[in-house]
Structures are given as structure tokens and as C-alpha cells.
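Its first residue numbered 630, the sequence shown is counted upward by one per residue in the numbering used here.
Virtual Cβ for every residue (Gly too), placed ideally from N, Cα, C.
For reference, the structure is listed below as C-alpha cells.
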Amino acid sequence: KKEGKYDLIQKDHFERNAEASLNAVKNVLPHNITPLFAESNQEVQKYVGDRIKKLFGETYYEGIVASYDSELEEYLITYDDGDTEHMVLDNVERIVDAYKDNTSYRSHFDVGMVVKRAAGNTVYLGYVKSVCIRTKTYEIAYPGYKSEFLYEEEVKPFILKESAAEDFAFRFASEVSKVQGAKLNWIQDMLLQTLRKIRKKGDKNEWFRHPVDPVKDECENYFDIVPQVEVMDLETVENRIQTGTLKRVSDFKKLVRQIVVNAKKYNTQSNHEVHIAAVTLWTIAAPLIEEMQKRVEKRLIGKIHRSSLGKGVYFYSASVDNI
Numbered sequence: 630k631k632e633g634k635y636d637l638i639q640k641d642h643f644e645r646n647a648e649a650s651l652n653a654v655k656n657v658l659p660h661n662i663t664p665l666f667a668e669s670n671q672e673v674q675k676y677v678g679d680r681i682k683k684l685f686g687e688t689y690y691e692g693i694v695a696s697y698d699s700e701l702e703e704y705l706i707t708y709d710d711g712d713t714e715h716m717v718l719d720n721v722e723r724i725v726d727a728y729k730d731n732t733s734y735r736s737h738f739d740v741g742m743v744v745k746r747a748a749g750n751t752v753y754l755g756y757v758k759s760v761c762i763r764t765k766t767y768e769i770a771y772p773g774y775k776s777e778f779l780y781e782e783e784v785k786p787f788i789l790k791e792s793a794a795e796d797f798a799f800r801f802a803s804e805v806s807k808v809q810g811a812k813l814n815w816i817q818d819m820l821l822q823t824l825r826k827i828r829k830k831g832d833k834n835e836w837f838r839h840p841v842d843p844v845k846d847e848c849e850n851y852f853d854i855v856p857q858v859e860v861m862d863l864e865t866v867e868n869r870i871q872t873g874t875l876k877r878v879s880d881f882k883k884l885v886r887q888i889v890v891n892a893k894k895y896n897t898q899s900n901h902e903v904h905i906a907a908v909t910l911w912t913i914a915a916p917l918i919e920e921m922q923k924r925v926e927k928r929l930i931g932k933i934h935r936s937s938l939g940k941g942v943y944f945y946s947a948s949v950d951n952i
């Protein structure tokens, strides 16, 4: 209160009066009646044992409602990583309900997926930054602009998925490499780096290094068993990367897999040295390819953030289909 208009209320005076008022209410109310604003024990206990998921920063952490303290009127939340937290009823109720909604709701678009939206001759790039499991909405972040929140059906037309996403990523990488004056784009560099690791660790005896020569390799009937259209080797894969005819990580994976299939198809006995070498090749290659895929996706988002092809606008083109 402003001085001069109202007397200041002393803290001890207020506390004495508040305590007296509460005692008066207790004396008036019959002992067998529960005030309307008090939660029943059954109501507050029903959440104990439920699973929860809560966002801290950019990471969701799961845990369990461990117990309820009736004196403090708080729940003890124990997270799977060992951390604990106290929550009041309203917060627990909201988070538990959101978790239950999430168990029956499957997001169709993952965090990190690229969003491509066009306005005239300008293409705006963004990505799925987060998914709200309670409202079933997606936060789309556009570097240099404000984020927007869209429902699944609204996001769907702008999401780049599978081969479309890979083709876009390669074109985007090529545009960046032109600006930088690089001969190969960063996706080609990653493909070559991964291929060299596969060759070094998975093909030490060089069984799959070069194209099969039926005469030189003493397998005259090779093309009778493996059709020529399916023949593949690591040298051919490298040439396709260098020339830009191999653009997708998924196609890279198919070609390496084809080498393995061909070797096992011609050398059917599982104890044959080439058959064993083929199994080893794929054991080495599969996780390397998966790791590369994740790196491409992560770096694509980073490139969108740092793109210098425009101030806040990331492409200019006469036709947005060229990008």
C-alpha cells in the first residue's frame, strides 16, 4: 500500500490474524466434512506409479511418479537417470496425461526432417525442431525467421522424405560447393570417406576392390550366375561418386549390399573364403553407412543455419523446382 493513504500491515499482526481465522474455520466445520477445495486421498494417490516424460532444454527425460507427500502436498518424481524432482498436483496431472497421449500417438515426422516451402521464386528452408506430444503439433524452425507450429496435415506437403529428401540434400550441397568453389560437394566427400573406411577395414584382401574378370579371376561362368546388370565392385562405386551419378546414401548402401549378395550367390558355401569375406564386408559397412546417414542429416541442418546464399533467404532461383 502507498504510505500516507493506508497504514502498513505488520507481518506478525497479519500472521496472528490469519492463524485465528483458520482456527475459527476449523471450529465451525464439522469434523466429518471435507472442504470442497481439498483433494481426496484417492485422487492424489492415483498418479503414484505412473510414467512421465518431461522436456528439459531440448531433451526429454522419462521417469515415474514415485510417491506423494500429504503434508507438503507434493509428488516425488524419480527420473530414469537418477535425478529427482518435486511437483504439485496440477503439473503431475498435465505431464502424466501428455505421456499417456504419447503412448497412443505416433509422430510421422522425426525431429530434424527438412521442410521446404516456396514463396514466388524464393525457397525457404526449415526443419522440424520439436514435436509436442500433448497438442500433436510440430515446431518448424526457419533460421533467420520465427518458428511456426503446424498440425501434421499442415506439415505433410512441405516435408522432404526418403528419396526426395536425399535428392534435395544433394542439390543443396552442390549449390553450397559452387559458392565455395569446391570440386565435390560435402555429401560426395562423406560418401568417399565412408567408402575408403569400408575398403580399408572390410576388404583387406581386395576381393571386392575391382570389377570381376571371369578369365583372370578363374570364374568363367560368373556371368551365368550373376547377371551383368547386377555386377558391382568398390571401384565402380567410387567412380559413380566422383562423377556425381551416385547421389543418395540409400543408393550407396544398395550398391555395397549388391557386392555382398553377388559374392555369396556365386560362392554359396558358407565356409568359402570369399563368402566369409563378403559377410565381413557387410558387417563392417552397415554401421559405417548408418553413421554416415546421421552425419549427413545433422550437417544438412547445420548448413541451413549457416547458409550465406542470401540474408535470411536461402535460395534464389528462376524456378523453385531447380533446387
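Per-residue DSSP class, three states only, for residue i
i, result
"Thr-764", "coil"
"Met-921", "helix"
"Lys-927", "helix"
"Tyr-676", "coil"
"Arg-746", "strand"
"Asp-719", "helix"
"Val-878", "helix"
"Asn-700", "Note on residue identity: the sequence assigns Glu, not Asn, to residue 700. Reduced to three states, the DSSP call for Glu-700 is coil."
"Val-860", "coil"
"Tyr-895", "helix"
"Val-757", "strand"
"Val-752", "strand"
"Val-694", "strand"
"Ser-733", "Confidence is the limiting factor: at Ser-733 the pLDDT is only 48, short of 50, which leaves the residue's position unreliable and the question unanswerable from this model."
Selection from the options that minimises the alpha carbon distance to residue i
i, options, result
"Ser-803", "Leu-789, Asp-818 and Glu-791", "Asp-818"
"Gln-822", "Gly-692, Val-925 and Phe-685", "Val-925"
"Glu-867", "Ile-827, Met-716 and Lys-675", "Ile-827"
"Val-841", "Pro-772, Val-725, Arg-800 and Phe-852", "Phe-852"
"Gly-755", "Arg-886, His-737 and Ser-776", "Ser-776"
"Asn-896", "Phe-799, Thr-874 and Glu-847", "Glu-847"
"Tyr-697", "Gly-711, Thr-688, Ile-681 and Lys-675", "Lys-675"
"Phe-799", "Lys-790, Trp-815 and Ile-693", "Trp-815"
"Leu-779", "Pro-843, Phe-797 and Phe-738", "Phe-738"
"Gly-692", "Thr-874, Leu-684 and Ile-706", "Ile-706"
"Ala-747", "Tyr-771, Glu-835, Gly-810 and Leu-701", "Tyr-771"
"Glu-919", "Ile-854, His-901, Leu-820 and Gly-873", "Leu-820"
"Lys-830", "Lys-812, Asp-712 and Thr-912", "Thr-912"
Beta-carbon gap between residue i and residue j smaller than 9 Å
i, j, result
"Lys-758", "Val-740", "yes"
"Val-744", "Val-784", "yes"
"Val-677", "Ala-695", "yes"
"Ser-879", "Ser-792", "yes"
"Met-861", "Leu-884", "yes"
"Tyr-774", "Tyr-753", "yes"
"Glu-954", "Arg-838", "As shown, the chain starts at 630 and ends at 952. That puts residue 954 outside it, with no answer to give."
Integer-rounded CB distance, given that residue j should sit under 8 Å from residue i
i, j, result
"Lys-893", "Ala-907", "5 Å"
"Leu-795", "Lys-876", "Correcting the residue type first, residue 795 is Glu in the shown sequence and not Leu. Indeed they touch by this definition, with Cβ atoms about 7 Å apart."
"Tyr-690", "Tyr-708", "5 Å"
"Leu-910", "Val-889", "6 Å"
"Ile-681", "Met-742", "Not quite, the Cβ-Cβ distance comes to about 26 Å (not below 8 Å), so this is no contact."
"Ile-953", "Leu-929", "Outside the displayed range of the chain (630 to 952) lies residue 953, so it cannot be described from this structure."
"Glu-849", "Pro-843", "5 Å"
Cβ-heavy atom distance, residue i to the ligand GTP, below 8 Å
i, result
"Gln-898", "Absent from the structure shown: the ligand GTP. Ligands present: none."
Of all the alpha helix (DSSP H) runs that stay within the bounds of the region 776-854, which reach a length of 4 or more residues?
Listed in chain order, the complete alpha helix (DSSP H) runs (minimum 4 residues) inside the region 776-854 are 781-784, 791-809, 815-831 and 851-854.
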